[in-house]
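In our numbering, the protein residues as written are 1015 to 1670.
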């Protein structure tokens, strides 16, 4: 009896939606539908929102409790009475029904349906009694009609609101809010004196209330800060206000405007979602102030839809609601809310909570940036470590190979020199023998015998020529191995380019001479500065790649030599580049191999990129060559087409 109702215009459809959400857990595994049949355009009723929700929850919960399958439907209609129009709300279920003798005292406290079968449903009997008292406090009536085994229908009436749809103003709360603003924040009314207005109609009240809300402006020197870091401009932060009541939207705009935020508004959930759907690149919202009770689509539904696209840490959602029950908050947090603000909205609380969530958003974004930057730095460091590791492995491998090659070269060189000397001596002795025999026989011998001697000596001299050529090739190979083994040459020095290229060709030719013709055109007097050992390896890597491409091109043709690897050197004068260099030495290495695709041309110098079969290459040769040429302040250019071979141009500076 001492309960005071806080009546205001209520959107019946929206509040039914919320109550049905609250009742969904009661359905559990039942084959039961909860249906809101209230028109979204249904006129507003004059009621206490929290108490009306309590009544609906009791009646719908009662229907769910006594209905195992079927439906519980909530509907509403306008009725004409002696004192004007009123609203008649029905909660109809298809449950077990209530016997006639039990219907009379159903609204009495602790009254329950009798019978062992019905007793299994339980219940304290207080819900319907409380609902009856709450409806009567609103000036309405509640009744029941039921048929056993067919279902029950609870009906209650509520007075219509005299305010037009869309207006929801609690005068005492608005006046108190204005008074607080005047006291705490030096509010200035621009161009209006509210004491001089006389309100005669509801329409005029709406108009003047809206205008009054627009003209409440705090003085600049009393404006609070946005609470963000110095590097963050509040005007770059975009807040979306979603509320179906224009006065509420304007009040929120005024409160947020003093902090210089960019604020947009939407009058419905559908409009808010449409704004998100139409966002272009670079646009977005940083925070949403979202009303819970809205027609057609509640704030809970809007938030649930947004959370499918935006996590809570990326888009804070603060619910604005007059509903402060724990169950409502639980539902809100379940659908993704970050916070709640109770209506009527206190300016200080609004600003404090908005600041807090924007600060958290800023911290989260800064943290994400730092994580991304740190991740990028780690990737770069990891890439450098991989490159360094590969270089160390390669250097260690080549150092071991150099030691082995140097030893082999020494061991081969000694017997080769002995063989070469023996061939020379044998040639000299054989010549003496031929001359001696010729002096003995003179002209007395049969010409056929003389011819036979000459043929025999020609065969012997031919064998010596073969031995001489072989030892010469061995000597050249040994010299090439010695040059190749000079891996400790880290000094930047002048070298004979012809000698180096020839050495590289000899090394590669040893593996591919049966399949490929090698051609080398270079000025034997040409000299260039370089780091000898790395440069040798870079040229060898490029040559080996060319040979492998040729082998791949002619792998089905096992006939005699099929491809050609050519090396040509020339000087070129280009336009002066950024380093001031304009004279270059160009080493052109071309092959008649299988060529490369556009993707391969773009990625050929990436570490570990290879077009060879698994196990046939690790993809470091070209990247190592690229790094070496860059170390020499040069560059590499590639021309290639699939099936037409490849041309690699290595440019080395001559001005250094």
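All C-beta atoms, glycine included, are put in the ideal place defined by N, C-alpha and C.
Coarse secondary structure for residue 1315, derived from DSSP in three states: On the chain shown, position 301 is the one that residue 1315 refers to. It is helical.
Nearest CA to the CA of residue 1307: which residue from 1296, 1262 and 1444? Reading the chain shown from its first residue, position 293 is the one you call residue 1307. The shortest Cα separation from residue 1307 among 1296, 1262 and 1444 belongs to 1262.
So is residue 1292 buried or exposed if we call it buried at 16+ other beta carbons inside 10 Å? By 1-based counting over the chain shown, the position of residue 1292 is 278. Exposed.
Considering only the alpha carbon of each residue, which of 1255, 1298 and 1467 lies closest to residue 1283? Here residue 1283 refers to the residue found at position 269 when the chain shown is read from its first residue. For the residues 1255, 1298 and 1467, the minimum Cα distance to residue 1283 belongs to 1255.
On the CB-based measure, 16 or more other CB atoms within 10 Å of its CB, does residue 1097 come out buried or exposed? Sequence index remark: in the chain shown, residue 1097 carries index 83 (1-based). With fewer than 16 other Cβ atoms within 10 Å, it is exposed.
What's the gap between the Cα of residue 1299 and the Cα of residue 1329? Locating residue 1299 in the chain shown gives position 285, where the first residue counts as 1. Locating residue 1329 in the chain shown gives position 315, where the first residue counts as 1. If I take the Cα positions, the gap works out to 7 Å.
Is residue 1749 near residue 1316, with beta carbons less than 8 Å apart? Residue 1749 lies beyond the range of the chain shown here (1015 to 1670); nothing can be said about it.
Around the C-beta of residue 1546, are 16 or more other C-beta atoms found within 10 angstroms, so that it is buried, or is it exposed? Translated into positions along the chain shown, residue 1546 becomes position 532. Buried: at least 16 other Cβ atoms inside 10 Å.
Identify, in the order they occur along the chain, each residue of the same chain with its Cβ nearer than 8 Å to the Cβ of residue 1019, setting aside the five sequence neighbours on each side. As a working note, residue 1019 is residue 5 in the chain shown. Taken in chain order, the residues that qualify are 1061, 1062, 1065, 1151 and 1152.
Report the option in 1342, 1489 and 1165 whose CA atom is closest to the CA atom of residue 1067. As a position in the chain shown, residue 1067 is number 53, starting the count at 1. When only C-alpha atoms are compared, the closest one is 1342.
Which of helix, strand or coil DSSP assigns to residue 1515: The residue labelled residue 1515 in the question sits at position 501 within the chain shown. Helix, per DSSP.
Residue 1350: which of 1361, 1357, 1365 and 1319 sits nearest, CA to CA? Position 336 of the chain shown, counted from the first residue, corresponds to residue 1350. That would be 1319, whose Cα lies nearest to the Cα of residue 1350.
Inspect the CB distances between the region 1155–1165 and the region 1096–1115 and report whether three or more fall short of 8 Å. yes
Compare the beta carbon distance of residue 1148 and residue 1121 with 8 Å and say whether it is the shorter of the two. Along the chain shown, one-based indexing puts residue 1148 at 134. Along the chain shown, one-based indexing puts residue 1121 at 107. Not closer than 8 Å, so no.
Cα separation between residue 1022 and residue 1303? Translated into positions along the chain shown, residue 1022 becomes position 8. Translated into positions along the chain shown, residue 1303 becomes position 289. Cα-Cα distance, rounded: 21 Å.
Using DSSP with H/G/I as helix, E/B as strand and the rest coil, what is residue 1597? As a first step, residue 1597 must be located in the chain shown, where it is residue number 583. DSSP places residue 1597 in strand when its eight states are reduced to three.
Which ranges does the beta strand (DSSP E) cover as unbroken runs of at least 3 residues, wholly within the region 1349–1419, from first to last along the chain? 1353–1356
Chain B beta carbons: is any one of them nearer than 8 Å to that of residue 1105? In the structure shown, chain B cannot be found, because there is only a single protein chain.
Which residues mark the beginning and the end of the beta strand (DSSP E) in which residue 1098 is found? Translated into positions along the chain shown, residue 1098 becomes position 84. First-last of the beta strand (DSSP E) with residue 1098: 1098–1107.
Would you report the Cα separation of residue 1653 and residue 1611, rounded to the nearest angstrom? Stepping through the chain shown from its first residue, residue 1653 is reached at position 639. Stepping through the chain shown from its first residue, residue 1611 is reached at position 597. Each residue's Cα considered, the two are about 10 Å apart.
Take residue 1597 as the anchor and find which of 1603, 1581 and 1587 has the nearest alpha-carbon. Translated into the one-based positions of the chain shown, residue 1597 becomes position 583. If we check each option's Cα against that of residue 1597, 1587 comes out closest.
When the distance is taken between beta carbons, is residue 1557 closer than 8 Å to residue 1583? For the purposes of this step, residue 1583 is identified with residue 569 of the chain shown, where counting begins at 1. For the purposes of this step, residue 1557 is identified with residue 543 of the chain shown, where counting begins at 1. No, the pair does not count as a contact, with Cβ atoms beyond the cut-off.
Residues bridged to residue 1336 (per DSSP): Residue 1336 sits at position 322 when you count from the first residue of the chain shown. DSSP, once it has assigned bridges, lists no residue as partnering residue 1336.
Roughly how many angstroms separate the alpha carbons of residue 1661 and residue 1604, rounded to a whole number? Along the chain shown, read from residue 1 onward, the residue named residue 1661 stands at position 647. Along the chain shown, read from residue 1 onward, the residue named residue 1604 stands at position 590. Rounded to the nearest angstrom, the two C-alpha atoms are 4 Å apart.
Where residue 1077 sits in the DSSP three-state scheme: The count along the chain shown starts at 1 and reaches residue 1077 at position 63. Three-state DSSP puts residue 1077 in a helix.
Pick out whichever of 1358, 1288 and 1294 has its Cα sitting closest to the Cα of residue 1305. Reading the chain shown from its first residue, position 291 is the one you call residue 1305. Nearest C-alpha to residue 1305: 1358.
CB-CB length for residue 1639 against residue 1550, believed under 8 Å: The count along the chain shown starts at 1 and reaches residue 1639 at position 625. The count along the chain shown starts at 1 and reaches residue 1550 at position 536. Incorrect: roughly 11 Å between the Cβ atoms, too far for contact.
Residue span of the beta strand (DSSP E) that contains residue 1533, given as start and end: Position 519 of the chain shown, counted from the start, is the residue given in the question as residue 1533. That run of the beta strand (DSSP E) goes 1530–1535.
Which value, in whole angstroms, describes the spacing of the CA atoms of residue 1039 and residue 1074? Your numbering for residue 1039 matches position 25 in the chain shown. Your numbering for residue 1074 matches position 60 in the chain shown. Roughly 12 Å separates the two Cα atoms.
Opposite residue 1286 in the DSSP bridges: which residues? By one-based count along the chain shown, residue 1286 stands at place 272. Looking at the DSSP assignment, residue 1286 forms no beta bridge with any residue, so it has no partner.
Following the continuous alpha helix (DSSP H) through residue 1114, name the residue where it begins and the one where it ends. The residue you call residue 1114 lines up with position 100 of the chain shown. Where residue 1114 is concerned, the enclosing alpha helix (DSSP H) stretches over 1114–1117.
Are the CB atoms of residue 1277 and residue 1253 nearer to each other than 8 Å? One-based indexing of the chain shown puts residue 1277 at position 263. One-based indexing of the chain shown puts residue 1253 at position 239. Contact: yes.
Take residue 1580 as the anchor and find which of 1515, 1525 and 1154 has the nearest alpha-carbon. Taking the chain shown and counting its residues from 1, the one referred to as residue 1580 is at position 566. Taking only the C-alpha atoms, the option nearest residue 1580 is 1515.
For the beta strand (DSSP E) that residue 1578 lies in, which residues bound it at each end? Locating residue 1578 in the chain shown gives position 564, counting from the first residue. 1577–1587 is the span of the beta strand (DSSP E), which, as asked, contains residue 1578.
Thinking C-alpha only, which one of 1600, 1264 and 1578 is nearest residue 1585? Position 571 of the chain shown holds residue 1585. The option with the nearest alpha carbon to residue 1585 is 1600.
Residue 1489 to residue 1422, Cα distance in whole Å? Position 475 of the chain shown, counting from 1, holds the residue named residue 1489. Position 408 of the chain shown, counting from 1, holds the residue named residue 1422. Between residue 1489 and residue 1422, the C-alpha separation is close to 12 Å.
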